[in-house]
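A.B. asks:
Residue numbers (this note's numbering): 65 to 306.
1) Ends of the alpha helix (DSSP H) at residue 240?
2) Going by C-alpha distance, which of 252, 235, 254 and 136 is nearest residue 245?
3) To the nearest whole angstrom, what separates the beta carbons of residue 262 and residue 249, a pair I think is in contact under 8 Å?
4) Give the secondary structure of residue 250 by DSSP, where H, G and I count as helix, E and B as strand, and everything else as coil.
5) Quick test of your reading: residue 90 and residue 100, contact by CB under 8 Å. State the CB separation rounded to the nearest angstrom.
6) Which residues does DSSP pair with residue 226 in a beta bridge?
7) From the DSSP output, which residues share a beta bridge with residue 282?
8) Taking residue 220 and residue 286 to be in contact with their CB atoms under 8 Å, please state how far apart those CB atoms are, rounded to whole angstroms.
9) Ignore the nearest five residues each way along the sequence and tell me which others in residue 266's own chain have a CB closer than 8 Å to its CB.
10) Answer with buried or exposed for residue 224, where buried requires no fewer than 16 other C-beta atoms within 10 angstroms of its C-beta.
11) Which whole-angstrom value is the C-beta distance of residue 251 and residue 226, which I expect to be below 8 Å?
12) Cutting at 7 Å between CB atoms, please list the residues of its own chain near residue 233, excluding the five before and the five after it.
13) Does residue 69 pass the burial test, meaning 16 or more other C-beta atoms within 10 Å, or should it be called exposed?
14) Would you call the CB atoms of residue 134 and residue 126 closer than 7 Å?
15) Applying the criterion that 16 or more other CB atoms from any shown protein chain within 10 Å of the CB defines a buried residue, is residue 79 buried or exposed?
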């Protein structure tokens, strides 16, 4: 048995040695991972053998010069299997023909219904069902909104006003506030780092108290813009993956 399996043992030892060399080389140099995978698979396959029967048993061969008799196979014809009598078909055939199905390719559309099916259903029930156009319109609206937000986020503007009537100033819109408000500090930061700054003055000197308050507002606005950009990038990335 050992002699019969010696070839397999030598083959496995050779492949295992090659695999060991590749693994050692991978610690110091780049090795093709496919080559390592092939060597690993071949090494496992080389030891996956089994012995069936007794290797010491020899097959019996004919004596030299003796011709083996040819085995003849004869076939005896048999009668055909009688067929089972089938019931006689009715002479009268149905005049009704099956209703043909819709011709052409079947379009399942969104959620299993085609656009024409949606229109027919809407006409019968009087209510319009969700269609592909509605979803496309919603997706376009979301994309447009994200685009405007991204465009606005590229430039950060912080304006600090002072007012003797805070209630009236809070009720005004941004355009009215920009025209009639008492602007005391202004900062504009572009996405590339360019800045435009207006520093407030009081009695010919820098109003440091108001300036410190303005800087805190600028810092909060920068943090909010960073979070907004992260949300926009994540939304666009998810849309692209889909």
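Glycine included, C-beta positions come from ideal geometry on N, C-alpha and C. Just so it is clear, the structure is predicted and the values come from calculations on it, not from any experiment.
C.D. replies: Once the coordinates are examined:
1) 238 to 244
2) 235
3) 6 Å
4) strand
5) 7 Å
6) 246
7) According to DSSP, which records beta bridges pairwise, residue 282 is partnered with nothing at all.
8) 7 Å
9) 274
10) buried
11) Not really, about 16 Å apart at Cβ, beyond 8 Å.
12) 225, 227, 241 and 245
13) exposed
14) no
15) buried
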